[in-house]
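Read in order, the letters of the sequence shown correspond to residues 1 to 375 in UniProt numbering.
Every residue, glycine too, gets a C-beta built ideally from N, C-alpha and C.
Bear in mind that the values here come from a model prediction, so they are computed numbers and not experimental data.
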Amino acid sequence: MKVAIVHDWLVTYSGAEKVLEQMLTIFPEADLFSLIDFIEEGKRDFIKNKITKTTFVQRLPLANLKYRSYLPLFPIAIKQHNLRKYDIVVSSSHCIAKSVSTEPDQLHICYCYTPARYAWDLQTQYLLEFGLHGIKKHLAKCFLNRFRVWDRKKSKSVDHFVACSDYISERIKNAYDRKSYTIYPNVSVEDFELCEKKKNYFVTCSRIVPYKKVDLIVSAFSKMPDKHLVVIGDGPDFEKLNAIKTPNITLMGQQSFKNLKETVQKAKAFVFAAEEDFGIAPVEAMACGIPVIAYGKGGLLETVVNQKTGIFFHEQTADAISRAVIEFEQTKLLPPAAIREHALKFSSERFRKEFSQFVDQCWIQHCTSNAQSDV
């Protein structure tokens, strides 16, 4: 089998890239395709130091920083990839990778992190975050509406969808009217050791951007002066947090992995207020034996066990977070070792095994179907 793996874009090493890393571990001989690749030399181990086949977007001005601004060109660019010589095409996609052109005799499996949110359910929020107004906002809405139609049409060429959670499986059904099989993404639980000695503070860790709702967590703790909160992360909303924080809240900003891990390990609980497709950070916290206080919607309903490995709140408000913190302090959850044991269900080894088996099954089914067609 000749395998091609198509990833949306390569600019950082984050959640989707960690899944890509495991795909390349399963298929080390696979060729790698992407719209752009700006991963620096010395940081390319996760893609096995492969030479990525990119598109003309790679050569556009400021593409390494402003690549999202070229979204209207993505449908044209993705057509540049010629995949005819491959038996299996695996797309790793939250935007455009699943829209590569394939032939009927090829097997195309898409690992879908989410249908593009800015084109589907969060269009209004994204337009607001980009600060578009007037004619620019109108033109952007027109394009996104057209992109949504094109995206749905191109989804029909995928043979099998794999969703990163049951929550995303439902979104795939709503957006593309396609069934999907859930395989949870890999979390580097082996990088987070159990720590049973906790200190008297709560912690949250994420990019400081609007949808992460870190401001709600800070607002909640600003009304609980007897409880200490540590915030790790940086982003465009960092100064907003500075303006509302109180003396019991520590903003650490961006930290090294070593400092991040040590801070999370010793916390009494991890607080998380975003609606996530899966949610890697809460699983990493549980791998340290840390219970999670989380917004009870989205992928976290599948990773956090209420009243056992964490506590849910059901409104994205500061008051709801405050009530959940109080409930947490009054509830006996599983001990740290049991919480870690639960987190180990989301390991890289588990992902490789499940995804490899799924591809093998689809390939056998594909070959059988083609053989019957030839009879």
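Three-state secondary structure assigned by DSSP to residue i
{"i": "residue 176", "result": "helix"}
{"i": "residue 67", "result": "helix"}
{"i": "residue 220", "result": "helix"}
{"i": "residue 10", "result": "strand"}
{"i": "residue 184", "result": "coil"}
{"i": "residue 362", "result": "helix"}
{"i": "residue 194", "result": "coil"}
{"i": "residue 110", "result": "strand"}
{"i": "residue 160", "result": "strand"}
{"i": "residue 383", "result": "Because the chain is modelled from 1 through 375, residue 383 falls outside the range shown and cannot be assessed."}
{"i": "residue 4", "result": "strand"}
{"i": "residue 150", "result": "helix"}
{"i": "residue 119", "result": "coil"}
{"i": "residue 335", "result": "coil"}
{"i": "residue 166", "result": "helix"}
{"i": "residue 133", "result": "coil"}
CB-CB length for residue i against residue j, believed under 8 Å
{"i": "residue 313", "j": "residue 299", "result": "No, residue 313 and residue 299 are not in contact; Cβ-Cβ is about 16 Å, not under 8 Å."}
{"i": "residue 269", "j": "residue 221", "result": "The Cβ separation is near 12 Å, so there is no contact."}
{"i": "residue 210", "j": "residue 237", "result": "6 Å"}
{"i": "residue 75", "j": "residue 99", "result": "7 Å"}
{"i": "residue 186", "j": "residue 347", "result": "7 Å"}
{"i": "residue 35", "j": "residue 109", "result": "Rounded, the Cβ-Cβ distance is 19 Å, inconsistent with contact."}
{"i": "residue 322", "j": "residue 223", "result": "6 Å"}
{"i": "residue 281", "j": "residue 205", "result": "6 Å"}
{"i": "residue 183", "j": "residue 214", "result": "That belief does not hold up - the Cβ atoms of residue 183 and residue 214 are roughly 29 Å apart, past 8 Å."}
{"i": "residue 267", "j": "residue 290", "result": "6 Å"}
{"i": "residue 310", "j": "residue 283", "result": "Not quite, the Cβ-Cβ distance comes to about 11 Å (not below 8 Å), so this is no contact."}
{"i": "residue 38", "j": "residue 3", "result": "That pair is no contact at about 24 Å."}
{"i": "residue 352", "j": "residue 25", "result": "6 Å"}
C-alpha distance - residue i paired with residue j, whole-angstrom precision
{"i": "residue 91", "j": "residue 356", "result": "14 Å"}
{"i": "residue 1", "j": "residue 87", "result": "6 Å"}
{"i": "residue 53", "j": "residue 47", "result": "12 Å"}
{"i": "residue 251", "j": "residue 216", "result": "14 Å"}
{"i": "residue 258", "j": "residue 45", "result": "20 Å"}
{"i": "residue 354", "j": "residue 207", "result": "30 Å"}
{"i": "residue 32", "j": "residue 7", "result": "8 Å"}
{"i": "residue 212", "j": "residue 80", "result": "35 Å"}
{"i": "residue 249", "j": "residue 226", "result": "10 Å"}
{"i": "residue 107", "j": "residue 50", "result": "23 Å"}
{"i": "residue 274", "j": "residue 149", "result": "28 Å"}
{"i": "residue 333", "j": "residue 151", "result": "43 Å"}
{"i": "residue 372", "j": "residue 364", "result": "12 Å"}
{"i": "residue 200", "j": "residue 306", "result": "22 Å"}
Any non-hydrogen atom of the ligand ZN within 7 Å of residue i CB
{"i": "residue 338", "result": "Ligands displayed in this structure: none; no statement on the ligand ZN is therefore possible."}
Could I get the ranges of all uninterrupted alpha helix (DSSP H) runs contained in the stretch 17 to 95, with 4 residues as the minimum, in chain order?
63 to 66 and 74 to 77
Assess contact between the stretch 161 to 171 and the stretch 96 to 115, defined as three or more Cβ pairs (one per stretch) separated by less than 8 Å. Is contact present?
yes
State whether the stretch 178 to 188 contacts the stretch 240 to 247, with contact taken as three or more CB pairs (one from each stretch) at a distance under 8 Å.
no
Run through the UniProt domain "Glycosyl transferase family 1" (196 to 332) for me and flag every whole beta strand (DSSP E) of 3 or more residues, listed as ranges in chain order.
202 to 205, 229 to 232, 249 to 253, 269 to 272, 292 to 295 and 310 to 313
Whether or not the stretch 249 to 265 and the stretch 188 to 206 are in contact is what I'm after, with contact meaning three or more pairs of Cβ atoms, one per stretch, closer than 8 Å; do they touch?
Touching, per the Cβ criterion.
Are three or more beta carbon pairs between the stretch 60 to 77 and the stretch 134 to 153 nearer than 8 Å?
yes
With contact counted as at least three CB pairs below 8 Å, one residue from each stretch, are the stretch 5 to 21 and the stretch 331 to 347 in contact?
no
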